[in-house]
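Okay, so here's the structure we're looking at.
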Amino acid sequence: MQSRIDEIHAAGAIVLAICRDPVEDNARTAENLGLEFSILSDPEMKVTASYDLLHPEASIDGGDIARPAVFIIDGEGKVRWRALTDNWRVRVRPEAIVEQLKAME
Amino acid sequence: MNSPNHAGDPAAREAVAPVSAAQWPKRAAWAGLLITLVGFLSYFLYFYQFPATRDFPIVNLPIVTLGVMLSAAGCWGVLRHGRHALRKAVAGLGFLFVLGVAGLFIFYVFDYSYRLPEAAAAPAIETAAPDFTLQDQHGEEVTLSAHRGQKVVVEFYRGNW
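Read top to bottom, the protein sequences are chains A and B.
Under our numbering, the first sequence has 100 at position 100, and the numbering climbs by one with no breaks.
Numbers given in our numbering equal positions in the second sequence, counted from 1, plus 1000.
Here you go:
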């Protein structure tokens, strides 16, 4: 996502990444990788569950993790595009997201 | 053998040749084991970082395949031509181990990582995205609905960066 962040911002969008890790871990990751977007902490996985993306007990430590997914939400709060990969090794390509954002203008 | 220079003596060369010929199965078997392990480990430790080599293991699958083939050839050679029962047993076990590692790799890439929950209730297109308030990496609260008027890309990460 970071590789295309300028194009995403240029298309008038912001990125909110959500993951299970606590705030301190996210802060460290953001600094190490030079991320220019928000990483939100969802430690109890409540938001993940509200999007029905809970993958129960799939973590190395036996806890719940999220099924990878991307949603593009418009200015009125409606979902305009979503991508759920069928394999957890495959992440949605940032290029696809940029393409969708441009098509939305 | 009166002369110290054995290289020029055909009988001496014949005595040397079969010993080096017997080296290839052992070397191939060890090389196969090493290459298979390298192929397996380097996927998770290195090539996993890049979508081009992670989404389909375009680098690691050939390496693991090569390792299995070398191991098969080498272990077959040891089993066929070897004279020590212990070495044959080791070769057989080694090949089984290589098959196990390769099998694990194939299983993970082509089966296990597809096992995802259905997510049938995930917000559909043209429906309202569930609102949320979460803390960002600076400890500040971020609310989705506070960004009305702006396009927002919400990405859920699996959890392990």
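C-beta atoms are modelled at their ideal positions from N, C-alpha and C, and glycine is treated no differently.
Verify whether the separation of the beta carbon atoms of residue i and residue j is less than 9 angstroms.
i: B:Ala1135; j: A:Leu40; result: Residue identity check: residue 1135 of chain B is Gln in the sequence provided, not Ala. A contact, by the Cβ cut-off of 9 angstroms.
i: A:Arg4; j: A:Glu95; result: yes
i: A:Arg147; j: B:Ala1128; result: Residue 147 of chain A is absent from the model: chain A starts at 1 and stops at 105.
i: B:Tyr1043; j: B:Pro1057; result: yes
i: B:Gly1067; j: B:Gly1100; result: no
i: B:Leu1033; j: B:Val1078; result: no
i: A:Ile97; j: A:Ile8; result: yes
i: A:Met1; j: A:Leu35; result: yes
i: B:Phe1095; j: B:Cys1075; result: yes
i: A:Leu84; j: B:Ala1119; result: yes
i: B:Ala1072; j: B:Gly1082; result: no
i: B:Ala1102; j: B:Val1064; result: yes
i: A:Thr29; j: B:Gln1137; result: yes
i: A:Lys78; j: B:Glu1126; result: yes
Given a threshold of 16 other Cβ atoms within 10 Å of its Cβ, counted over all protein chains shown, does residue i qualify as buried or as exposed?
i: A:Ala13; result: buried
i: A:Pro68; result: buried
i: A:Asp6; result: exposed
i: B:Arg1158; result: buried
i: A:Ile60; result: exposed
i: A:Tyr51; result: buried
i: B:Arg1080; result: exposed
i: A:Arg89; result: buried
i: A:Asn32; result: exposed
i: B:Leu1086; result: exposed
i: B:Leu1070; result: buried
i: A:Pro56; result: exposed
i: B:Gly1115; result: Per the sequence shown, the amino acid found at residue 1115 of chain B is Arg instead of Gly. Looking at its Cβ environment, which holds fewer than 16 other Cβ atoms inside 10 Å, B:Arg1115 is exposed.
i: B:Ala1121; result: exposed
i: B:Asp1111; result: exposed
i: B:Val1148; result: According to the sequence shown, residue 1148 of chain B is Arg rather than Val. Result: exposed.
Pick helix, strand or coil for residue i, following the three-state DSSP scheme.
i: B:Trp1161; result: Unreliable placement is indicated for B:Trp1161, whose pLDDT of 47 sits below 50; the coordinate value is still reported in the next sentence. In the structure shown, B:Trp1161 sits in coil (DSSP, three-state: anything other than H, G, I, E or B).
i: A:Leu53; result: coil
i: A:Glu36; result: coil
i: A:Ala11; result: coil
i: B:Phe1050; result: coil
i: A:Asp86; result: coil
i: B:Phe1097; result: helix
i: B:Ala1122; result: coil
i: A:Ala96; result: helix
i: A:Asp25; result: helix
i: B:Leu1116; result: coil
So residue i packs on residue j, CB below 8 angstroms; how close in whole Å?
i: B:Phe1156; j: B:Leu1144; result: The Cβ separation is near 13 angstroms, so there is no contact.
i: B:Ala1153; j: A:Val23; result: A small correction: the amino acid at residue 1153 of chain B is Val; Ala does not occupy that position in the sequence shown. B:Val1153 to A:Val23, Cβ: 21 angstroms. No contact.
i: A:Lys102; j: A:Ala27; result: Their Cβ separation, rounded to whole angstroms, is 31 angstroms, which puts A:Lys102 and A:Ala27 out of contact at 8 angstroms.
i: A:Arg20; j: A:Ile73; result: The pair is not a contact, with the Cβ atoms about 21 angstroms apart (cut-off 8 angstroms).
i: B:Pro1051; j: A:Arg80; result: B:Pro1051 to A:Arg80, Cβ: 24 angstroms. No contact.
Taking the DSSP output, what are the residues bridged to residue i?
i: B:Cys1075; result: Its beta-bridge partners do not exist; DSSP assigns none.
i: A:Trp81; result: A:Ile72
i: B:Val1142; result: B:Leu1134
i: A:Ile65; result: A:His55
i: B:Lys1151; result: A:Ala13
i: A:Ser41; result: A:Cys19, B:Gln1135
i: B:Phe1156; result: A:Ile18, A:Ala69
i: B:Ala1128; result: A:Lys78
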